[in-house]
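Scroll down for the structure; my scribbles are underneath it.
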Amino acid sequence: MTQQDFNKMMDTWLTARAALTAGTWAKADLAKAIAAGITDGSKPQSFATRQELAIALLKVQSKQGG
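Numbering (my numbering), first residue to last: 1 to 66.
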């Protein structure tokens, strides 16, 4: 397998993950996070980058008065 083949497969897999809806167990808490402005709720089963996580944590902190 070439790097190009791997990259194509990875892009396909990541796109499929992004299309998945939230798991049943997560829907209620995800709705709370959306209502609190922590996330927009899009692509709930995609992976978060460090920058996305940092921003979400800062939003939580600011809502707690920090």
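By construction, the Cβ of each residue, glycine as well, lies at the ideal position given by its N, Cα and C atoms.
ask   = Do R17 and S46 come within 8 Å of each other at the CB atom, strictly closer than that value?
value = yes
query = Are L30 and A22 closer than 8 Å when you measure CB to CB?
reply = yes
request  = Taking I38 and V60 to be in contact with their CB atoms under 8 Å, please state how far apart those CB atoms are, rounded to whole angstroms.
outcome  = 6 Å
Alpha helix (DSSP H) segment containing M1, residue limits = Per DSSP, M1 belongs to no alpha helix (DSSP H) and is neither H nor E.
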